[in-house]
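My numbering applies: residue 11 is where the sequence shown begins, and numbers increase by one.
Cβ atoms here follow ideal geometry from the backbone N, Cα and C, with glycine treated the same way.
So the structure is just underneath, and the comments pick up after that.
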Amino acid sequence: MTIKHVFIVGVAKCGTTALSEWMVVNGLAEDRVPGEKEPYLYANDEPHAARSRKASLPLLDASAGYAFDPATVQRLPQHDTRLVLCLRNGFERMWSFYKMFKLDSLGGDQARDYFSSYQSEHSGTGRAPREASTFSKTVIRICQAYFPRRLHLIVEGYARHELEHLRTHTFMQRIEYELAFYLSRKQFPFFSILSNSFYYTPLRTLLERYLPSDLSVICVSRLDDADARRRFVDAVFEKSVDTPPVPVVFSSTEIAIDEARPDFNDRSFDTLRACLRYDLVQARGLIATTRLGDSLLDHAELDRYLAAT
Numbered sequence: 011m012t013i014k015h016v017f018i019v020g021v022a023k024c025g026t027t028a029l030s031e032w033m034v035v036n037g038l039a040e041d042r043v044p045g046e047k048e049p050y051l052y053a054n055d056e057p058h059a060a061r062s063r064k065a066s067l068p069l070l071d072a073s074a075g076y077a078f079d080p081a082t083v084q085r086l087p088q089h090d091t092r093l094v095l096c097l098r099n100g101f102e103r104m105w106s107f108y109k110m111f112k113l114d115s116l117g118g119d120q121a122r123d124y125f126s127s128y129q130s131e132h133s134g135t136g137r138a139p140r141e142a143s144t145f146s147k148t149v150i151r152i153c154q155a156y157f158p159r160r161l162h163l164i165v166e167g168y169a170r171h172e173l174e175h176l177r178t179h180t181f182m183q184r185i186e187y188e189l190a191f192y193l194s195r196k197q198f199p200f201f202s203i204l205s206n207s208f209y210y211t212p213l214r215t216l217l218e219r220y221l222p223s224d225l226s227v228i229c230v231s232r233l234d235d236a237d238a239r240r241r242f243v244d245a246v247f248e249k250s251v252d253t254p255p256v257p258v259v260f261s262s263t264e265i266a267i268d269e270a271r272p273d274f275n276d277r278s279f280d281t282l283r284a285c286l287r288y289d290l291v292q293a294r295g296l297i298a299t300t301r302l303g304d305s306l307l308d309h310a311e312l313d314r315y316l317a318a319t
């Protein structure tokens with residue numbers, strides 16, 4: 011089968027930027043929208059201009075929120091399509107996501123360097139470097155993409171409220187707020203730090219539309235191994251080629267904010283720990299059926315902090 015469409019459908023803060031750049035730089039795919047990693051074309055049902063493939067390369071869309079919206083998944087093309095879902099330790103992913111919004115509120119050189127590290131002008135992808143000054147506008151635009159245009163001002167109001175909450179509350183306060191929000195409304199708020207660390211539901215959503223063989227679930231860190239990369243490229247692109255390691259770096263790790271990194275082994279996280287542990291058990295049952303099974307997961311990384319205390 012000739013692969014025409016590749017979607018990295020999630021998960022944010024799990025290495026999707028590095029993986030998508032690696033695909034483009036190594037001639038495995040080309041951006042569906044030139045210079046755009048996350049165009050969010052399928053977030054709504056508005057028509058968008060078709061793009062012809064060049065040199066038979068599949069078109070890549072790495073909009074990392076797709077997997078968490080069932081309506082969006084239903085809009086994605088089914089035929090000649092491969093999907094990739096990237097996972098990371100749930101606690102680490104939450105903290106990384108939270109820090110991103112805190113860095114935006116702090117501003118200064120640290121924030122500028124952090125956001126520009128995502129897409130370097132020297133990466134060879136043709137993507138423009140990100141700028142700290144446009145972060146808020148970008149994430150609000152992504153929220154609006156899922157709604158009719160007549161609701162965009164309302165969506166912006168809710169989005170700005172959540173941005174302010176993230177910037178003015180601690181990590182634990184944000185978790186408590188999101189849990190209360192979810193239990194009250196049966197949905198998470200915009201920019202939830204919790205929602206994308208639960209993997210069973212997006213997996214189920216994807217597998218309700220696609221064959222298990224269409225979906226590859228990985229931890230990007232596993233692609234530092236040459237054999238793992240060969241199997242991944244064969245699974246997604248149906249090619250047998252050698253590639254260099256994926257230069258994945260979680261760029262916020264060494265950056266300090268005005269809040270200490272939590273001890274995720276602390277008893278205060280026991281309830282959340284039990285929830286994440288249960289979700290991962292359920293998710294693994296689905297992952298086992300997918301194209302690569304769990305062979306490209308870093309199980310020690312995913313299980314860290316999840317043992318009962």
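Of Asp308, Ala169, Gln154, the smallest CA-CA separation from His162 is found for Gln154.
Assignment of Ser226 by DSSP, reduced to helix, strand and coil, places it in the strand class. When the alpha-carbon of Val227 is set against those of Arg137, Asp41, Ser305, the nearest one is in Ser305.
In the three-state reduction of the DSSP assignment, Thr82 falls in the helix class, which pools H, G and I. By the Cβ neighbour-count rule, Ile164 is exposed, with fewer than 16 other Cβ atoms within 10 Å of its own.
Ile185 and Ser115 have their C-alpha atoms spaced approximately 18 Å apart. Gly20 sits in a strand when the DSSP states are folded into three classes. Asn54 and Tyr156 have their C-alpha atoms some 5 Å from each other. Taking all protein chains shown into account, His89 has fewer than 16 neighbouring C-beta atoms within 10 Å of its C-beta and is therefore exposed. Scanning its chain for C-beta atoms nearer than 7 Å, with the 5 sequence neighbours on each side dropped, one finds around Pro87 the residues His15, in chain order.
Residues Met182 of the same chain have their beta carbon placed closer than 8 Å to that of Ser278, with the five preceding and five following residues left out of the count. Out of Arg103, Ala28, Ala317, Ser66, the CA that lies nearest to the CA of Glu48 is found in Ala28. With respect to the 7 Å criterion, Gln84 and Tyr210 are not classified as neighbours on the basis of their beta carbons. At the C-beta level, Leu316 and Arg283 come within 7 Å of one another. When DSSP states are grouped into helix, strand and coil, Asp273 belongs to the coil group. Between the alpha carbons of Pro254 and Arg160 lies a distance of about 46 Å.
For the pair Cys229 and Tyr192, the Cα-to-Cα distance works out to about 27 Å.
Asp235 is the residue among Gly295, Asp235, His171 whose C-alpha sits nearest the C-alpha of Asp252. DSSP places Thr91 within a strand segment (E or B) once states are collapsed to three. Secondary structure remark: continuous beta strand (DSSP E) runs of at least 3 residues inside the region 151 to 209: none found. At a Cβ-Cβ threshold of 7 Å, Ala169 and Ile150 count as neighbours. Here Glu40 is bridged, per DSSP, to Leu69. A Cβ-Cβ contact shorter than 7 Å links Ile13 with Phe247. A distance below 7 Å separates the beta carbons of Gly20 and Ala74. Glu188 is positioned such that its CB atom lies no closer than 7 Å to that of Phe200. His15 has Leu69, Thr91 as its beta-bridge partners, per DSSP. Around the C-beta of Asp280, fewer than 16 other C-beta atoms lie within 10 Å, and the residue is accordingly described as exposed. Closest option to Leu286, judged by alpha-carbon separation, among Leu97, Arg241, Leu173: Leu97. In this structure, the alpha-carbon of Asp123 lies about 20 Å from that of Gly45. In the DSSP secondary-structure assignment, Cys96 is bridged to Ile228. By the CB criterion at 7 Å, Gly100 and Ser202 fall outside the cutoff. For Glu172, the number of other beta carbons within 10 angstroms of its own is at least 16, and it is reported as buried.
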